[in-house]
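One structure below.
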Ligand SMILES: Nc1ncnc2c1ncn2[C@@H]1O[C@H](COP(=O)(O)OP(=O)(O)O)[C@@H](O)[C@H]1O
Ligand SMILES: O=P(O)(O)OC[C@H]1O[C@](O)(COP(=O)(O)O)[C@@H](O)[C@@H]1O
């Protein structure tokens with residue numbers, strides 16, 4: 001193995017740069033050349049790439065975003081796109097491709113596999129944390145802290161005005177961020193796909209009324225995962241007002257994807273970037289480098305999207321049964 005490629009794909013996540021740094025340093029130590037593709041799989045198709053040396057990744061461990069930029073790439077959903085991507089990788093004489101992204105990007109890798117002769121490896125990088133085979137994905141810890149910082153501030157004004165707030169957090173199909181942020185912010189309600197596939201407005205309203213009966217007028221925060229309500233938290237606020245529950249909606253949005261990675265993300269990213277390259281050298285193929293119980297390990301890429309990983313049911317139950325008011 002002489003030359004490997006790397007790209008960051010899908011939603012960017014804080015810590016992707018730290019991962020690139022570790023990966024390039026480890027490749028250098030193993031006398032491997034690294035080619036970095038721009039804007040996810042688009043860079044492979046458009047042949048936009050650069051050689052990455054330790055010099056290029058020096059001083060980026062603390063930076064949010066990704067040096068290589070990220071994007072979604074619809075062409076990878078076509079056979080033509082997949083064949084072209086494989087041909088371009090072969091032309092560059094790449095022995096392997098490493099993809100830092102979420103389970104969507106890994107599906108892209110699996111689709112590419114029949115056409116590409118080199119080795120393929122994934123590293124989980126998404127704020128959603130919805131990748132099986134790793135307790136945490138790169139970016140989740142930072143996104144959680146960003147959401148918490150915002151919710152704590154909302155709590156201040158909610159306390160002052162004795163107001164009800166709906167705070168919408170990201171997490172396309174899963175509630176990892178909503179549950180973690182809701183628990184850590186001491187939210188009165190958490191609404192996420194794992195708890196309810198459909199929302200019951202009457203139940204939400206009743207919960208608020210019960211809380212106010214127990215505590216009097218008080219701040220009350222509902223953390224809700226995006227996509228839980230048609231039109232989002234703003235539409236839900238309007239519909240709750242019609243039931244006599246006056247509330248404000250706050251949508252945290254893309255600020256959750258930005259910012260300097262927190263220590264936990266830098267450490268995870270460094271571990272997984274280094275481990276992925278070491279495993280490549282050992283011959284790993286069609287695997288993801290993840291971390292379970294603090295230990296780096298390989299997990300089949302084909303299983304990373306199975307959605308078997310669960311949100312913390314212990315904390316969820318506690319929040320619902322004990323801490324609800
Ligand atoms: N089934 C698929 N076949 C081929 N490529 C895919 C597939 N699913 C996702 N991809 C590629 O991975 C990219 C990122 O996927 P996406 O689901 O948006 O993000 P994430 O990797 O963060 O989950 C897509 O834009 C596409 O290029
Ligand atoms: O940046 P976009 O294209 O609006 O996508 C938003 C989505 O990306 C995410 O931030 C990250 O998701 P992925 O990592 O799966 O791409 C989701 O939480 C959110 O639903």
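In UniProt numbering, the protein residues as written are 1 to 325.
The beta-carbon is built from N, C-alpha and C at its ideal position, and this holds for glycine as well.
Subject >> Extent of the continuous alpha helix (DSSP H) to which residue 204 belongs >> reply: Under the DSSP assignment, residue 204 falls in the alpha helix (DSSP H) whose first and last residues are 201–215.
Subject >> Whether residue 118 touches residue 94 by CB criterion (8 Å) >> reply: Yes, they are a contact pair.
Original post:
Which whole runs of the beta strand (DSSP E) in the region 119–145 are 3 residues long or more, in chain order?
Top reply: Complete beta strand (DSSP E) runs here, min 3: 119–124.
Original post:
According to the neighbour-count rule (16 or more other Cβ atoms, all chains shown, within 10 Å of its Cβ), is residue 31 buried or exposed?
Top reply: Around the beta carbon of residue 31, a 10 Å sphere encloses fewer than 16 other beta carbons of the protein chains shown; the residue is thus reported as exposed.
Original post:
Hey, is residue 56 close to ligand 3, as in C-beta under 7 Å from one of its heavy atoms?
Top reply: Ligand 3 is not among the ligands present in this structure, which contains only ligand 1 and ligand 2.
Original post:
Pick from 120, 10, 80 and 103: whose alpha carbon is nearest that of residue 97?
Top reply: Of the candidates 120, 10, 80 and 103, the residue whose Cα lies closest to the Cα of residue 97 is 120.
Original post:
Roughly how many angstroms separate the alpha carbons of residue 40 and residue 125, rounded to a whole number?
Top reply: About 12 Å.
Original post:
Does DSSP classify residue 247 as helix, strand or coil?
Top reply: Looking at residue 247 - three-state DSSP - the assignment turns out to be strand.
**OP:** Give a single yes or no on whether residue 191 has its beta carbon closer than 7 Å to a heavy atom of ligand 2.
**Re:** Residue side-chain check: residue 191 keeps its Cβ at 7 Å or more from all non-hydrogen atoms of ligand 2.
Original post:
Comparing the CB of residue 76 with every heavy atom of ligand 1, is any distance shorter than 7 Å?
Top reply: Because some heavy atom of ligand 1 lies under 7 Å away, the Cβ of residue 76 counts as near it: yes.
**OP:** Could you spell out where the beta strand (DSSP E) holding residue 267 opens and where it closes?
**Re:** Element bounds for residue 267: not the beta strand (DSSP E) but the alpha helix (DSSP H), 263–281.
Original post:
Is the region 18–30 close to the region 263–278, with three or more CB pairs under 8 Å?
Top reply: Yes, the region 18–30 touches the region 263–278.
Original post:
Can you pull the DSSP bridge partners for residue 289?
Top reply: Bridge partners of residue 289: 298.
**OP:** Excluding the 5 residues preceding and the 5 following residue 298 in the sequence, name in chain order all residues of the same chain whose CB lies nearer than 8 Å to its CB.
**Re:** These residues qualify, in order along the chain: 279, 284, 287, 288, 289 and 290.
Original post:
CB residue 246 to CB residue 164, shorter than 8 Å?
Top reply: Taking the C-beta atoms as reference points, residue 164 is found nearer than 8 Å to residue 246.
Original post:
Are residue 67 and residue 61 touching if we call contact CB-CB under 8 Å?
Top reply: With contacts defined as CB atoms closer than 8 Å, residue 67 and residue 61 fail to qualify as a contacting pair.
Original post:
In terms of DSSP beta bridges, what is residue 33 paired with?
Top reply: Among the bridge pairs identified by DSSP, residue 33 is matched with 3.
Original post:
To which residues of the same chain is residue 235 closer than 7 Å at the C-beta, ignoring the five residues directly before and after it?
Top reply: Excluding sequence neighbours, residue 235 sits near 229.
Original post:
In three-state DSSP terms, what is residue 78?
Top reply: The three-state reading of DSSP puts residue 78 in coil, since its state is none of H, G, I, E or B.
**OP:** May I ask whether a heavy atom of ligand 1 can be found less than 7 Å away from the beta carbon of residue 11?
**Re:** It does: the Cβ of residue 11 is within 7 Å (strictly closer) of some heavy atom of ligand 1.
Original post:
Considering only C-alpha positions, which residue in the set 85, 3, 131 and 105 is nearest to residue 292?
Top reply: The shortest C-alpha separation from residue 292 is found at 131.
**OP:** Could you tell me if the beta carbon of residue 388 falls within a distance shorter than 7 Å of some heavy atom in ligand 2?
**Re:** This structure leaves residue 388 out entirely; the chain is present only between 1 and 325.
**OP:** Assign residue 176 to one of three DSSP states: helix, strand, or coil.
**Re:** Shown here, residue 176 sits in a helix according to DSSP, grouped into three states.
Original post:
Beta carbon of residue 194: closer than 7 Å to some heavy atom of ligand 2?
Top reply: Outside the cutoff, so no.
Original post:
Could you give the distance in angstroms between the alpha-carbon of residue 112 and the alpha-carbon of residue 76?
Top reply: Near 8 Å, if we compare the C-alpha coordinates of residue 76 and residue 112.
Original post:
With respect to 7 Å, is the separation between the Cβ of residue 257 and the closest non-hydrogen atom of ligand 1 below this value?
Top reply: No, the beta carbon of residue 257 sits no closer than 7 Å to any heavy atom of ligand 1.
Original post:
Which value, in whole angstroms, describes the spacing of the CA atoms of residue 217 and residue 44?
Top reply: One C-alpha to the other measures close to 57 Å.
**OP:** Could you have a look at residue 255 and say whether DSSP puts it in helix, strand or coil?
**Re:** In the structure shown, residue 255 sits in a helix (DSSP, three-state: H, G or I).
**OP:** Could you tell me the boundaries of the beta strand (DSSP E) in which residue 101 lies?
**Re:** Its beta strand (DSSP E) spans residues 96–101.
**OP:** Look up residue 111 in the DSSP assignment and say whether it is helix, strand or coil.
**Re:** Here residue 111 sits in helix by DSSP.
Subject >> Between the CA atoms of residue 238 and residue 79 - distance to the nearest angstrom >> reply: Residue 79 and residue 238 have their C-alpha atoms roughly 45 Å apart.
**OP:** Compute the minimum distance between the beta carbon of residue 168 and the heavy atoms of ligand 2, and state whether it is under 7 Å.
**Re:** No, the Cβ of residue 168 stays beyond 7 Å of every heavy atom of ligand 2.
Subject >> CA nearest to the CA of residue 15, picked from 249, 202, 38 and 142 >> reply: The alpha carbon of residue 15 has as its nearest neighbour, out of 249, 202, 38 and 142, the alpha carbon of 142.
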